[in-house]
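In this note's numbering, the protein residues as written are 10 to 75. Ideal Cβ placement from N, Cα and C applies to all residues, glycine included.
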């Protein structure tokens, strides 16, 4: 098994609702692109529905092998 396949990526989505309260949720995938794509689609949906005023996506890797 390749070491790269043991790395899991997390895209943490943070957003502010129309009342100004901050919320967050995590989207995980085996590659960074997959995690980012899931978080971005969720953010876009919330913006279009009026559930979020702004958003930010942060990235993390877990389970790396030396």
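| field | Whole-angstrom C-beta distance between residue 18 and residue 70, which should lie under 8 Å | value | Contact holds; Cβ gap of about 6 Å.
| Residue from 30, 20, 64 and 42 whose Cα sits closest to the Cα of residue 52 | When each option's Cα is compared against that of residue 52, the closest is 64.
| task | Round the Cβ separation of residue 20 and residue 61 to the nearest angstrom and send it over; I've been treating them as touching at under 8 Å. | result | In fact, because the Cβ distance is near 15 Å, the residues do not count as touching under 8 Å.
| field | Classification of residue 44 by the beta-carbon crowding that lies within 10 angstroms, buried from 16 upward | value | That one is buried.
| Three-way DSSP call (helix, strand, coil) for residue 61 in this model | Reduced to three states, the DSSP call for residue 61 is coil.
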